[in-house]
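1 is the number of the first residue of the sequence shown in the numbering used here; add one for each residue after it.
To keep things clear, I will list the structure first and then write my remarks on it.
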Amino acid sequence: MKKISVLHLITELSIGGAQMVLLRLLANLDHEQFSVTVACLYNGDGAVAQQLRDLGIPVIDLGMTRKWRLDAFLRLWRLFRQVRPQILHTWMFHANLPGRLLGRVTGVPVIIGSEHTMGQEHPWRLRLNWVTAGLVDRVICVSPQVADFAEHQIGLPAGKLITIPNGVEMARFAVAMPQAEARRLLQLPTAGMIIGAVGRPRPVKGYRYLIEAFGLCTPQETDLYLLFVGNGPERPALIEQAQHAHLTDRVFFLDDQQDIPAVMAALDLLALPSLWEGMPMVALEAMAAGLPVIATAVGGNPHVVLDSVTGLLVPPADPPALAAAIQQLVQSPPCRQTLGEAGRQRVATHFSIQQNVAQTEALYRQLLSEKQTEQPLGSE
1 MKKISVLHLI
11 TELSIGGAQM
21 VLLRLLANLD
31 HEQFSVTVAC
41 LYNGDGAVAQ
51 QLRDLGIPVI
61 DLGMTRKWRL
71 DAFLRLWRLF
81 RQVRPQILHT
91 WMFHANLPGR
101 LLGRVTGVPV
111 IIGSEHTMGQ
121 EHPWRLRLNW
131 VTAGLVDRVI
141 CVSPQVADFA
151 EHQIGLPAGK
161 LITIPNGVEM
171 ARFAVAMPQA
181 EARRLLQLPT
191 AGMIIGAVGR
201 PRPVKGYRYL
211 IEAFGLCTPQ
221 ETDLYLLFVG
231 NGPERPALIE
241 QAQHAHLTDR
251 VFFLDDQQDI
261 PAVMAALDLL
271 ALPSLWEGMP
281 MVALEAMAAG
291 LPVIATAVGG
301 NPHVVLDSVT
311 GLLVPPADPP
321 ALAAAIQQLV
331 QSPPCRQTLG
341 EAGRQRVATH
351 FSIQQNVAQT
361 EALYRQLLSE
371 KQTEQPLGSE
C-alpha cells in the first residue's frame, strides 16, 4: 500500500505557536501511512526547521526574502509538480493564500487551510481569506472561538470549518526536572517565586500590562520575580519599561528556549495577558506541567483555562485585576497546587497530542475518500 503524500506549507520555521503545533503533529503522525514534506516561504534554517530535519522530514526553503516574490511562487509551483501531493495542508496567512491558488492550479486533490488566530488580522487579510475560501476543502480551526470568528467575522462557510484543538505531548512533562535544577540551568534565582510569560513578545501578547501589574504586586514573605521567555519585536520596549519601573532586579528576559519542560519546571505559575488568543499552546504546556495559569478572558483562553478550576481569568488590558490574581495565587500554595493538578488532568483528558493526531489523520483520510484519490496523483 502506497503512503499518502502530504505537503505542509508554512510561512516560516522559527519558534512560534503554529510552528510548534506543526512540529508536534509531524513528530507523532503515522509515518507508515503518510509521506510528509514541509515547505516554508522563508527561514528554512530556523530552530523548528532543524527539529523537523532531525525527525527525518524533508524541509524545503522557498527563499522568499521579501513578501510576494514571484520567483518564490515559481519554486512553489515547481515543488507541487515535483512532489505531487495528495494533500496540501497550509499554515499561517502568507502560506494559506499561495497554497490555495497554486495548489488548485497544479491539481492538488485535497487542500486544507488553518486558522490559529482571531481579532488581530487586518481587514484586507480577512477579505483575501474570504475570497480564496472556495479553493479549500476544509479549514482547521484550533478552538471553537476561532471557528466562530472564522464563520461570522471572516465569512468562511460553516460547512468547511472543523475544530481540532492543539495537542500536548504529556510524556514530555511526565517527569519534571527539580525546580532548583531547572533554575540553575536557566541562570535564575533558586529561591523565591517566579511568574513566567512564555512566547514571542508582540503587542498582542499584552506583556506591557503584565509588567505594570507586576509592579503593583507587593511581595509578602517571599521574593517575587517575573520571567519573559522568547525573542520578538517588543522585547526592547519591555526591557525599557522594566528599567523605568525600577524592576530590573526582579524582571528577567531569556531568548527562545527549546526545552519548554525545563522552563515550566522553573516556574511557579504562568501568566498569559494576551489581548487576543486563538488557542494558547503555552497555557496547555503549563497545565501539562502542573502549573496554574492566569489568563485574560479573550478568544480561546476560556476554552483552555477554566476560571477557578485550572487557573484564573481576568479582563484584558487591566493591570490591577491581573495584579490581584497574581497576589491571590502567590499567597495561597494550596490553591496553586489544586489548580495545577486540575489543569494537568484537563490537558490529559481533552488536549492530548494523540487526540490531535487522530483527528487530523481522520480528516486526511475522509477528504481523500471523498475525492476518491486513494493512489498518489499521477499514478495509474
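Heads up, the beta-carbon is just placed ideally off N, CA and C, and yes, glycines get one too.
Just so it is clear, the structure is predicted and the values come from calculations on it, not from any experiment.
Sorted by chain position, which residues of the same chain lie with C-beta nearer than 7 Å to residue i's C-beta, five sequence neighbours on each side aside?
{"i": "A288", "result": "V168, M170, F173, R344, V347"}
{"i": "V108", "result": "F80, P85, L88"}
{"i": "A182", "result": "A262, A265, A266"}
{"i": "R125", "result": "F93"}
{"i": "A47", "result": "S14, I15, D256, Q258"}
{"i": "R138", "result": "I112, K160, I162, L363, L367"}
{"i": "K371", "result": "P109, V110"}
{"i": "F351", "result": "P165, N166, G167, V168, L284"}
{"i": "R24", "result": "G167, E169, I353"}
Mind checking residue i: buried by the 16 CB within 10 Å criterion, or exposed?
{"i": "G378", "result": "With a pLDDT of 45 at G378, under the threshold of 50, the modelled position of this residue cannot be trusted, and the question is left open."}
{"i": "P58", "result": "exposed"}
{"i": "Q19", "result": "buried"}
{"i": "E115", "result": "buried"}
{"i": "W91", "result": "buried"}
{"i": "P261", "result": "buried"}
{"i": "P233", "result": "exposed"}
{"i": "V105", "result": "exposed"}
{"i": "E277", "result": "buried"}
{"i": "T117", "result": "buried"}
{"i": "A191", "result": "exposed"}
{"i": "R100", "result": "buried"}
{"i": "V142", "result": "buried"}
{"i": "T349", "result": "exposed"}
{"i": "G300", "result": "buried"}
{"i": "A180", "result": "exposed"}
Can you give me the Cβ contacts of residue i inside the same chain, cut-off strictly under 6 Å, excluding the 5 residues immediately before and after it?
{"i": "R323", "result": "One point to set straight first is that residue 323 is Ala, not Arg, in the sequence displayed. Once the five neighbours on either side are set aside, the close Cβ partners of A323 are A213, L216, C217."}
{"i": "E385", "result": "Missing from the structure shown is residue 385; the chain here goes from 1 to 380 and no further."}
{"i": "F228", "result": "A197, F253"}
{"i": "L186", "result": "A266"}
{"i": "P83", "result": "With the sequence shown as reference, residue 83 is identified as Val, and Pro is not the correct amino acid for it. So the list reads L7, T37, once near-sequence residues are dropped."}
{"i": "A133", "result": "L156"}
{"i": "L226", "result": "I195, F214, V251"}
{"i": "A325", "result": "I294, L312, V314"}
{"i": "S35", "result": "K3, S5"}
{"i": "G290", "result": "G340, R344"}
For residue i versus residue j, is the C-beta distance shorter than 9 Å?
{"i": "L272", "j": "A237", "result": "no"}
{"i": "M385", "j": "N96", "result": "Look at the range of the chain in this structure, 1 to 380, and you will see that residue 385 is not part of it."}
{"i": "T163", "j": "V146", "result": "yes"}
{"i": "L62", "j": "V38", "result": "no"}
{"i": "V293", "j": "N28", "result": "no"}
{"i": "Q328", "j": "L313", "result": "no"}
{"i": "D268", "j": "V330", "result": "yes"}
{"i": "K2", "j": "E32", "result": "no"}
{"i": "G17", "j": "G199", "result": "yes"}
{"i": "P203", "j": "L128", "result": "no"}
{"i": "P189", "j": "D148", "result": "no"}
Near residue i, which residues of its chain fall below 8 Å by C-beta distance, leaving aside the five closest residues on each side in sequence?
{"i": "P201", "result": "Y207, F228, G230, N231, G232, P233, E234, R235, L238"}
For residue i, decide whether its Cβ has a neighbour in chain D, counting only Cβ atoms nearer than 9 Å.
{"i": "Q19", "result": "No chain D appears in the structure shown, which is made up of a single protein chain."}
Going residue by residue through the region 238-283, where are the continuous alpha helix (DSSP H) segments of at least 4 residues, counting only ones entirely within it? 260-266
Using 8 Å as the threshold, is the region 330-341 in touch with the region 314-322, meaning 3 or more CB pairs across them? no
At which residue ranges does the region 316-367 contain complete alpha helix (DSSP H) runs of 4 or more residues, listed in the order of the chain? The DSSP assignment places 319-330, 333-350 as complete runs of the alpha helix (DSSP H) inside the region 316-367, in order along the chain (cut-off: 4 residues).
Does the pairing of the region 231-245 with the region 278-286 give three or more beta-carbon distances under 8 Å? These segments do not touch.
Closer than 8 Å is the cut-off here; do at least three beta carbon pairs connect the region 69-78 with the region 49-59? no
Counting pairs of beta carbons, one from the region 358-365 and one from the region 173-182, are three or more of them closer than 8 Å? No: the two stretches stay apart, fewer than three of their Cβ pairs being nearer than 8 Å.
Quick check on the DSSP output: what are the complete alpha helix (DSSP H) runs of length 4 or more inside the region 69-119, in order along the chain? Residue ranges of uninterrupted alpha helix (DSSP H) with 4 or more members, entirely inside the region 69-119 and ordered along the chain, are 70-83, 93-105.
Uninterrupted beta strand (DSSP E) stretches inside the region 4-58 (no shorter than 3 residues): You should have 4-12, 34-42.
Decide yes or no for the touch test of the region 306-315 against the region 252-264: beta carbon pairs closer than 8 Å, at least 3 of them. no
Please give the ranges of any beta strand (DSSP E) in the region 170-239, keeping only runs that are unbroken, at least 3 residues long and fully inside the region. 193-198, 224-229
Sequence ranges, beta strand (DSSP E) only - wholly within the region 116-158, length at least 3: 138-141
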